[in-house]
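Novice: Everything in the sequence shown is counted per numbering that gives the first Met the number 0, starting at 0 for the first residue and increasing by one.
Backbone N, C-alpha and C define an ideal beta-carbon position, used for all residues, glycine too.
Remember, it's a predicted structure, so these values are computed and weren't measured experimentally.
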Amino acid sequence: MNGPEPEGTRLAVPMHGPEWAELTHECLVNIFSRLSTAHIWTGPLLVCKSWRRASTDPSLHSVFDLESFFRSGTELPRWWLPEFEKKIDSMLISVINWIGGSLTEIRTRHCSDRSIILASERCPNLVVLLAKSCPSFTDKSLSRVAFRCPNLQELDVSYCYEISHESLALIGRNCPNLRTLKRNLMNWLDPSQHAGIVPNEYLDSCPQDGDLEAAVIGKCMTQLKHLEIRFSKISAKGLTSICDGCIELEYLDLSGCANLTSRDILNASENLKSLKKIVKPNFYIPRSVFHTERYGHWRLYDERFQTDVFRI
């Protein structure tokens, strides 16, 4: 039969999709738990009140992780501006205020003493602190972390040039569970890699005394298993201090440590019985890359190895 359907028998078809704003708080939290920290901040937080409440649920923020955001793209000059630093600080401070002592991991870049000091005061259960490329992260706040976050197991202060051996010593003495330290420096052998991105005055402030930091590591961080000190200006003496003190090391990254030779590394590390991997500073640097008046020691290495390039 092809006649018209009797009135009232046709099923009603919804004219729009599901009411996402009407989902329960529990459902929204479950959905948002699949998002990264960066996605939560650029999405759900900005939609509506119910989404914002769900986005700030403490269960979503025991880990503050923006590292994946920074790592996913090319470094930008604006990241080094004070305005950007303030934004990162504001985000971290907000999370700390939401959950306080439940925060166990901080993984970010370009924050400052402002947020790190608050973290030290409100997050005593902190286990991981990754705060790389932070021009305004200083001994002042890291010292507070040392005294108030005794459960710290992993610390990454790479490219933080206002951090010195003094606060590193406090971390070693007050955080007995520390197993991982990453204290990498920027490539001072070829500053052109950072030209136009990192401010020149910051590049020029690169820590000079690698042996002093090495002595602190060897004396105060004897339980380390993982150590990265890329492009440190450490000498054979400093490396010996580390290897004699940190006998449980399993991983050691010496990439770019231009003052070390293969013989230095072999002699210093021969007693590291637990060592599984060591990354040596094996690289080639064409003489034309550098001005001999600034890097006069390249000529010495050229003569030593009788080659046109520097090689360790």
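Buried or exposed for Asp88, please, with buried defined as at least 16 other CB atoms from any protein chain shown within 10 angstroms of its CB.
Specialist: For this step, residue 88 is matched to residue 89 along the sequence shown. Classification of Asp88: buried, given that the 10 Å Cβ count is 16 or more.
Novice: By how many angstroms is the C-alpha of Ile116 removed from the C-alpha of Val144?
Specialist: Counted from its first residue, the sequence shown places residue 144 at position 145. Counted from its first residue, the sequence shown places residue 116 at position 117. Each residue's alpha carbon lies about 7 Å from the other.
Novice: In angstroms, rounded to a whole number, what distance separates the CA positions of Gly244 and Ala194?
Specialist: For this step, residue 244 is matched to residue 245 along the sequence shown. For this step, residue 194 is matched to residue 195 along the sequence shown. Distance between the alpha carbons of Gly244 and Ala194 is about 37 Å.
Novice: May I ask you to report which of helix, strand or coil DSSP gives Asp210?
Specialist: Position 211 of the sequence shown, counted from the start, is the residue given in the question as residue 210. Helix.
Novice: Assuming Gly209 and Gly237 are in contact, meaning their beta carbons sit under 8 Å apart, how far apart are those beta carbons, in whole angstroms?
Specialist: Locating residue 209 in the sequence shown gives position 210, counting from the first residue. Locating residue 237 in the sequence shown gives position 238, counting from the first residue. Confirmed, about 6 Å.
Novice: Go ahead and pull the three-state DSSP assignment for Ala257.
Specialist: Indexing the sequence shown from 1 puts residue 257 at position 258. The answer is coil: DSSP assigns Ala257 none of H, G, I, E or B.
Novice: Less than 8 Å between the C-beta atoms of Glu181 and Cys159, yes or no?
Specialist: As a working mapping, residue 181 is identified with position 182 in the sequence shown. As a working mapping, residue 159 is identified with position 160 in the sequence shown. Checking the sequence shown, residue 181 turns out to be Lys, not Glu. Remark: C-beta atoms of Lys181 and Cys159 do not approach each other more closely than 8 Å.
Novice: Does DSSP put Thr179 in a helix, in a strand, or in coil?
Specialist: By one-based count along the sequence shown, residue 179 stands at place 180. In this structure, Thr179 counts as strand in the three-state DSSP scheme.
Novice: If I'm right that Leu202 touches Ala257 with Cβ under 8 Å, what's the distance once you round it to whole angstroms?
Specialist: For this step, residue 202 is matched to residue 203 along the sequence shown. For this step, residue 257 is matched to residue 258 along the sequence shown. Their Cβ separation, rounded to whole angstroms, is 16 Å, which puts Leu202 and Ala257 out of contact at 8 Å.
Novice: Which word fits Pro134, buried or exposed, when buried means at least 16 other C-beta atoms lie within 10 angstroms of its C-beta?
Specialist: As a position in the sequence shown, residue 134 is number 135, starting the count at 1. It counts as buried.
Novice: Report the start-end ranges of each alpha helix (DSSP H) in the segment 78-160 that is 4 residues or longer and not cut off at the edges.
Specialist: Qualifying alpha helix (DSSP H) stretches, in chain order: 81-98, 112-121 and 138-147.
Novice: Helix, strand or coil for Leu188, going by three-state DSSP, please let me know.
Specialist: Translated into the one-based positions of the sequence shown, residue 188 becomes position 189. Per DSSP, reduced to three states, the secondary structure at Leu188 is coil, with no helix or strand assignment.
Novice: Would you say the beta carbon of Glu200 comes nearer than 7 Å to a heavy atom of the ligand SAH?
Specialist: Here there are no bound small molecules, and the ligand SAH is not part of this structure.
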